[in-house]
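Peer 1: Please see the structure below; I have some questions.
There are 2 protein chains.
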Amino acid sequence: MERGRGALGPALELVHTGRAPTRAVLTSELGVTRATAGAVAAELEALGLITVDSRPTASAGSQGRPSHRLFVAERGPVVLAAQIHADGFRVALVALGGRIVATSTGCGTIPADPAHVLADAVGAGAELLRETGRRCLGAGLAVPSAVAEPDGEALNPLHLAWPAGAPVRALFLRALTDAGIPGVTDAIGFTGNDVNLMALAEHRHGAGRGARDLLCVASGHRGVGGALVLDGRLHSGSSGLALEVGHLTVNPEGAPCHCGSRGCLDVEADPLAFLGAAGREPGPEVSLLQQAADLLRDEYADPGVRAAADLLIDRLGLGIAGLVNILNPDRIILGGLHRDLLKADPERLRAVVADRSLWGRSGGVPILPCGLDHNSLVGAAELAWQPVLDDPLVVLDR
Amino acid sequence: MERGRGALGPALELVHTGRAPTRAVLTSELGVTRATAGAVAAELEALGLITVDSRPTASAGSQGRPSHRLFVAERGPVVLAAQIHADGFRVALVALGGRIVATSTGCGTIPADPAHVLADAVGAGAELLRETGRRCLGAGLAVPSAVAEPDGEALNPLHLAWPAGAPVRALFLRALTDAGIPGVTDAIGFTGNDVNLMALAEHRHGAGRGARDLLCVASGHRGVGGALVLDGRLHSGSSGLALEVGHLTVNPEGAPCHCGSRGCLDVEADPLAFLGAAGREPGPEVSLLQQAADLLRDEYADPGVRAAADLLIDRLGLGIAGLVNILNPDRIILGGLHRDLLKADPERLRAVVADRSLWGRSGGVPILPCGLDHNSLVGAAELAWQPVLDDPLVVLDR
DNA sequence: CTGACTTTGTGCCGACACTAAACAAAATAC
DNA sequence: GTATTTTGTTTAGTGTCGGCACAAAGTCAG
Chain A
11 MERGRGALGP
21 ALELVHTGRA
31 PTRAVLTSEL
41 GVTRATAGAV
51 AAELEALGLI
61 TVDSRPTASA
71 GSQGRPSHRL
81 FVAERGPVVL
91 AAQIHADGFR
101 VALVALGGRI
111 VATSTGCGTI
121 PADPAHVLAD
131 AVGAGAELLR
141 ETGRRCLGAG
151 LAVPSAVAEP
161 DGEALNPLHL
171 AWPAGAPVRA
181 LFLRALTDAG
191 IPGVTDAIGF
201 TGNDVNLMAL
211 AEHRHGAGRG
221 ARDLLCVASG
231 HRGVGGALVL
241 DGRLHSGSSG
251 LALEVGHLTV
261 NPEGAPCHCG
271 SRGCLDVEAD
281 PLAFLGAAGR
291 EPGPEVSLLQ
301 QAADLLRDEY
311 ADPGVRAAAD
321 LLIDRLGLGI
331 AGLVNILNPD
341 RIILGGLHRD
351 LLKADPERLR
361 AVVADRSLWG
371 RSGGVPILPC
381 GLDHNSLVGA
391 AELAWQPVLD
401 DPLVVLDR
Chain B
11 MERGRGALGP
21 ALELVHTGRA
31 PTRAVLTSEL
41 GVTRATAGAV
51 AAELEALGLI
61 TVDSRPTASA
71 GSQGRPSHRL
81 FVAERGPVVL
91 AAQIHADGFR
101 VALVALGGRI
111 VATSTGCGTI
121 PADPAHVLAD
131 AVGAGAELLR
141 ETGRRCLGAG
151 LAVPSAVAEP
161 DGEALNPLHL
171 AWPAGAPVRA
181 LFLRALTDAG
191 IPGVTDAIGF
201 TGNDVNLMAL
211 AEHRHGAGRG
221 ARDLLCVASG
231 HRGVGGALVL
241 DGRLHSGSSG
251 LALEVGHLTV
261 NPEGAPCHCG
271 SRGCLDVEAD
281 PLAFLGAAGR
291 EPGPEVSLLQ
301 QAADLLRDEY
311 ADPGVRAAAD
321 LLIDRLGLGI
331 AGLVNILNPD
341 RIILGGLHRD
351 LLKADPERLR
361 AVVADRSLWG
371 RSGGVPILPC
381 GLDHNSLVGA
391 AELAWQPVLD
401 DPLVVLDR
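Protein chains in written order, with our numbering: chain A, 11 to 408; chain B, 11 to 408.
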């Protein structure tokens with residue numbers, strides 16, 4: 011027969027995540043016949059989502075007829091991704107495969123009115139769409155806050171000066187409508203926590219590819235967040251509050267935390283804690299994350315800085331070990347300052363985690379630095395791509 | 011057309027878990043037409059897995075033609091379930107729907123040789139099969155230890171006097187073969203941690219029905235275990251070591267634990283801890299769990315016992331709150347002594363969890379006592395039923 | 001260079017699971 | 001008793017996928 015609609019979504023996901031470079035591996039990954047895989051690929055090509063390169067394949071080394079190459083469409087549809095952070099916003103058009111097609115940033119103090127920021131960000135995105143003339147199939151937003159399901163409210167936008175409980179998803183949808191993005195409905199336009207989205211992006215396109223149970227931990231500009239991807243799907247808990255790991259206790263005699271406890275990961279292993287441990291006064295010029303990363307990179311030889319790094323690594327390792335004992339992931343990825351701490355002394359962190367993990371096997375889990383630029387932004391795009399990956403026809407027929 | 015093979019497994023699962031009492035709801039739950047649901051039900055009946063009761067339905071109250079009732083087959087195939095615990099073993103034949111058809115127990119000290127115990131237990135199960143003449147489609151085993159995937163080794167059979175790392179799955183399969191159970195292959199015969207299997211059973215047939223993210227915590231005879239069911243599937247981690255929650259710290263100045271830390275849940279909220287806090291000397295006659303449960307039931311009026319219960323509830327609540335912050339479940343079920351503690355003072359436990367949870371929403375999660383007899387045994391059976399639920403034809407054709 | 005072999009892509013046919021639509025059956029409502 | 005509602009069944013038809021044969025495009029051996 012002609013087409014294969016049932017396998018369309020899975021096939022697109024395989025090409026999207028780079029796990030199906032040719033029709034041959036598409037065949038085996040889908041577990042279908044070559045005929046079906048060929049029909050599916052043909053239909054995806056007809057939809058303008060992928061391209062097939064059937065030219066002489068520049069050889070491959072193995073014998074047999076060379077495969078045609080499958081690519082994500084060069085000039086196919088995109089989604090609009092936006093990220094709000096303490097220092098401003100960034101928007102991008104993201105194609106399949108997590109490829110950033112165009113990007114735009116807005117800097118400066120984030121006003122206390124989220125609607126305002128979102129309107130600015132979405133407006134910049136709409137401008138990108140006009141410039142590039144691309145078709146937009148959805149939109150995703152990353153915010154530095156837990157986002158409550160199912161309504162999409164930002165519960166703790168601590169360093170945005172936004173009101174707790176701000177209905178960011180509704181505001182985002184409103185901004186999309188106001189900006190004249192075509193086809194905005196409830197089924198388009200998604201919101202998520204930035205660390206969650208980082209995890210999603212890393213799982214599909216970065217250092218987390220192939221992991222089954224992926225744990226991510228990242229320091230933001232302030233505080234610490236976590237995320238978990240299970241079997242390729244983000245686990246954000248029944249109401250979107252899972253993996254709020256900032257308040258794991260890693261130092262019982264530590265500094266008081268706004269949560270009422272002491273020695274939480276949030277106040278013991280974030281950029282501010284690092285600057286404090288190194289005896290530096292945080293300056294106002296650049297972000298805390300930037301200052302901490304610069305210090306770690308430029309003055310690691312300084313004994314005080316080195317000691318501060320060691321201290322943070324130990325605290326972070328304690329927190330990660332606790333998560334390993336509960337979640338038993340098969341890979342861990344670190345972002346933000348934690349990525350730099352890992353790179354500064356990988357062995358120390360791995361040793362702490364292994365030492366504090368209960369069972370040798372789970373303690374030996376690989377710990378990697380995140381491997382993607384703008385991973386939260388790409389993750390927000392993944393959120394928007396998801397309906398397309400679930401069923402390309404439904405979305406494209408709108 | 012005639013039959014509906016693709017929907018066969020999902021349909022059986024719906025009847026199995028009691029979510030499809032009639033063909034009408036089967037139709038809506040599967041999202042297919044009445045014709046398909048009818049064909050699927052007919053085929054399941056022909057396979058001897060369910061029965062359809064088309065007699066005058068004793069009315070239902072609503073108008074329209076009354077539905078025929080769907081039941082799990084009265085005399086259909088069974089699976090063999092076995093549970094090893096500190097005081098002996100228990101085996102059962104379990105039909106679809108989690109119905110225990112026949113059971114047998116073996117008491118006395120568990121010898122240090124797991125092969126011996128498993129041979130005894132499986133032998134008793136084979137005897138049950140002979141007596142009842144039922145067809146056996148699989149076997150499941152519950153042990154009080156983390157079970158490492160993919161090989162099925164018992165990593166910490168602490169109170170069984172078994173060697174750590176004992177290959178229980180292989181031994182179980184060997185015992186099944188030796189006992190002459192027909193059709194034993196690798197695809198039959200599964201092993202799991204008892205608390206994990208309790209969670210699975212409660213999710214399908216007990217207090218956890220309908221929960222999306224279900225967290226279970228249970229004291230065994232010694233120590234504390236946890237389990238998580240996500241979207242209907244057990245999350246046991248990448249190597250089967252997830253939710254080993256016994257070593258969450260709930261009392262920084264607490265008693266030393268064999269893991270090297272202090273104040274772990276394992277030593278602060280298990281039956282022995284309760285007896286100790288109540289100032290009772292554990293006797294040798296019955297199990298610690300039994301002694302603790304008896305004390306809690308019979309002498310709750312005693313101020314010392316009451317104070318001990320309050321103390322344990324507070325410690326347990328602290329541990330659960332930590333898990334809630336990480337996992338954000340939508341329901342929590344407690345087993346073993348924790349079930350009795352919850353029943354003794356539900357409000358106290360709920361208040362502690364809510365108070366120590368970071369976000370009000372996740373703190374309000376329902377906490378329920380487990381609602382099933384022999385839930386680990388039923389869970390072991392679920393493990394064995396799973397291949398049948400995944401594809402009834404493949405299993406029955408063997 | 002030629003022929004054997006290996007692997008990949010495609011066209012054709014049939015199997016079959018499922019939908020759609022009409023009809024039949026069994027209850028309640030008036 | 002008749003209309004309405006809901007459920008179950010029969011029929012025909014549709015679309016997806018597997019099986020198979022064949023073609024295409026390379027490597028390997030001589």
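Ideal Cβ positions, reconstructed from N, Cα and C, are used throughout, including at glycine.
#1: In three-state DSSP terms, what is glutamine 301/A?
#2: Just mark histidine 126/B as buried or exposed, buried being the case when its beta carbon has 16 or more other beta carbons within 10 Å.
#3: When the Cβ atoms of the region 150 to 165 of chain B are set against those of the region 375 to 390 of chain B, are three or more pairs found closer than 8 Å?
#4: Is the region 301 to 316 of chain A close to the region 233 to 243 of chain A, with three or more CB pairs under 8 Å?
#5: Would you mind reading off the limits of the beta strand (DSSP E) that contains glycine 235/A?
#6: For aspartate 223/A, which of helix, strand or coil comes out of DSSP?
#7: Alpha carbon to alpha carbon, how far is isoleucine 94/A from phenylalanine 182/B? Give it in angstroms, no decimals.
#8: I'd like to know if leucine 378/B contacts chain A, where contact means its C-beta is closer than 8 Å to some C-beta of that chain.
#9: Please name the residues in the region 251 to 265 of chain B whose beta-carbon is closer than 8 Å to at least one beta-carbon of chain A, in chain order.
#10: Which residue's Cα is closest to the Cα of proline 124/B: Arg85/B, Leu139/B and Ala176/B?
#11: Measure from the C-beta of tryptophan 395/A to each C-beta in chain B and report whether the shortest distance is under 8 Å.
#12: Can you look up methionine 11/A in the DSSP assignment and give me helix, strand or coil?
#13: On the premise that alanine 131/B lies in contact with valine 101/B, defined as a C-beta separation below 8 Å, what is that separation, rounded to the nearest angstrom?
#14: Can you tell me the Cα-Cα spacing of histidine 213/A and alanine 221/A, whole angstroms?
#15: Relative to the C-alpha of cysteine 269/A, which candidate in Pro281/A, Glu254/A, Ala283/A and Leu282/A has its C-alpha closest?
#16: Determine whether the beta carbon atoms of threonine 61/A and glutamate 39/A lie at a separation below 8 Å.
#17: Tell me, please, whether the CB atom of alanine 83/A is closer than 8 Å to any CB atom in chain B?
#18: Mind listing the chain B neighbours of tryptophan 369/A? Cutoff is C-beta to C-beta under 9 Å, in chain order.
#19: Which runs of the beta strand (DSSP E) at least 3 residues long sit entirely within the region 36 to 113 of chain A? Give them in chain order.
#20: Would you check if the distance between the CB atom of leucine 352/B and the CB atom of leucine 344/B is smaller than 8 Å?
#21: What residues in its chain sit with their C-beta under 8 Å from that of leucine 36/B, if we drop five residues either side in the sequence?
#22: Could you tell me whether any Cβ in chain A is nearer than 8 Å to the Cβ of aspartate 223/B?
#23: I'd like the span of the beta strand (DSSP E) that includes glycine 202/A, first residue to last.
#24: How is the beta strand (DSSP E) around proline 379/A delimited, first residue to last?
#25: Please classify glycine 116/B: does DSSP put it in a helix, a strand, or coil?
#26: Measuring only between beta-carbons, confirm whether asparagine 335/A sits less than 8 Å from chain B.
#27: When you compare only the Cα positions, how much space is there between glutamate 291/A and cysteine 226/A?
#28: When you compare each of Leu328/A, Gly289/A and Ile330/A to aspartate 312/A by their alpha carbons, which one comes out closest?
#29: Identify which residue in Ser72/A, Ala149/A and Ile120/A has its Cα closest to the Cα of valine 8/A.
#30: Do you know how far the Cα of threonine 115/A is from the Cα of leucine 147/A?
#31: Kindly list, in the order they appear in chain B, the residues whose Cβ is closer than 9 Å to that of aspartate 340/A.
Peer 2: To lay it out plainly:
#1: Walking along the first sequence from the start, residue 301/A turns up at place 291. Helix at glutamine 301/A.
#2: For this step, residue 126/B is matched to residue 116 along the second sequence. Exposed, by the Cβ-count rule.
#3: yes
#4: no
#5: Position 225 of the first sequence, counting from 1, holds the residue named residue 235/A. It spans 234 to 240 - the beta strand (DSSP E) in which glycine 235/A sits, taken as one unbroken run.
#6: Numbered from its first residue, the first sequence carries residue 223/A at position 213. Residue state, collapsed to three classes: strand.
#7: As a first step, residue 182/B is located in the second sequence; it is residue number 172 there, counting from the start. As a first step, residue 94/A is located in the first sequence; it is residue number 84 there, counting from the start. Cα to Cα, phenylalanine 182/B sits roughly 55 Å from isoleucine 94/A.
#8: For the purposes of this step, residue 378/B is taken as the residue at position 368 of the second sequence. No, no contact with chain A.
#9: Leu251, Ala252, Leu253, Glu254, Val255, His257, Leu258, Thr259 and Pro262
#10: Locating residue 124/B in the second sequence gives position 114, where the first residue counts as 1. If we check each option's Cα against that of proline 124/B, Ala176/B comes out closest.
#11: As a first step, residue 395/A must be located in the first sequence, where it is residue number 385. Closer than 8 Å: no.
#12: Here residue 11/A refers to the residue found at position 1 of the first sequence. Residue placement at methionine 11/A is flagged as unreliable, the pLDDT there being 44, under the threshold of 50; a coordinate-derived value is accordingly withheld.
#13: As a working note, residue 101/B is residue 91 in the second sequence. As a working note, residue 131/B is residue 121 in the second sequence. The pair is a contact, with the Cβ atoms about 5 Å apart (cut-off 8 Å).
#14: On the first sequence, position 203 is the one that residue 213/A refers to. On the first sequence, position 211 is the one that residue 221/A refers to. Cα to Cα, the separation comes out at about 7 Å.
#15: The residue you call residue 269/A lines up with position 259 of the first sequence. It is Glu254/A.
#16: Against the first sequence, residue 61/A aligns to sequence position 51. Against the first sequence, residue 39/A aligns to sequence position 29. Not closer than 8 Å, so no.
#17: The count along the first sequence starts at 1 and reaches residue 83/A at position 73. By this cut-off, alanine 83/A is not an interface position.
#18: Numbered from its first residue, the first sequence carries residue 369/A at position 359. Under the 9 Å cutoff, chain B gives Ala156, Ala158, Leu165, Asn166, Ser249, Leu251 and Glu254.
#19: 60 to 63, 79 to 82, 88 to 95 and 98 to 105
#20: The residue you call residue 352/B lines up with position 342 of the second sequence. The residue you call residue 344/B lines up with position 334 of the second sequence. Yes, they are a contact pair.
#21: The residue given as residue 36/B occupies position 26 in the second sequence. Excluding positions up to five away in sequence, the list reads Ala21, Leu24, Val25, Ala30, Ala47, Val50, Ala51 and Leu80.
#22: As a position in the second sequence, residue 223/B is number 213, starting the count at 1. It does; some Cβ of chain A falls within 8 Å.
#23: Taking the first residue of the first sequence as 1, we reach residue 202/A at position 192. Residues 200 to 203.
#24: Residue numbering aside, residue 379/A sits at position 369 when the first sequence is read from its first letter. Where proline 379/A is concerned, the enclosing beta strand (DSSP E) stretches over 377 to 379.
#25: Counting from 1 along the second sequence, the entry for residue 116/B is found at position 106. Strand.
#26: Taking the first sequence and counting its residues from 1, the one referred to as residue 335/A is at position 325. Closer than 8 Å to some Cβ of chain B, the Cβ of asparagine 335/A qualifies, so yes.
#27: On the first sequence, residue 291/A is found 281 positions in, with the first residue counted as 1. On the first sequence, residue 226/A is found 216 positions in, with the first residue counted as 1. Spanning the two alpha carbons is a distance of roughly 29 Å.
#28: Position 302 of the first sequence, counted from the start, is the residue given in the question as residue 312/A. Answer by Cα proximity: Gly289/A.
#29: Since the first residue of chain A shown is 11 and the last is 408, residue 8/A is not available in this structure.
#30: Residue mapping note: residue 147/A aligns to position 137 of the first sequence, counting from 1. Residue mapping note: residue 115/A aligns to position 105 of the first sequence, counting from 1. So the two alpha carbons sit approximately 21 Å from each other.
#31: Start at 1 with the first residue of the first sequence, and residue 340/A comes out as number 330. Those within 9 Å of aspartate 340/A in chain B are Gly247, Ser248 and Ser249.
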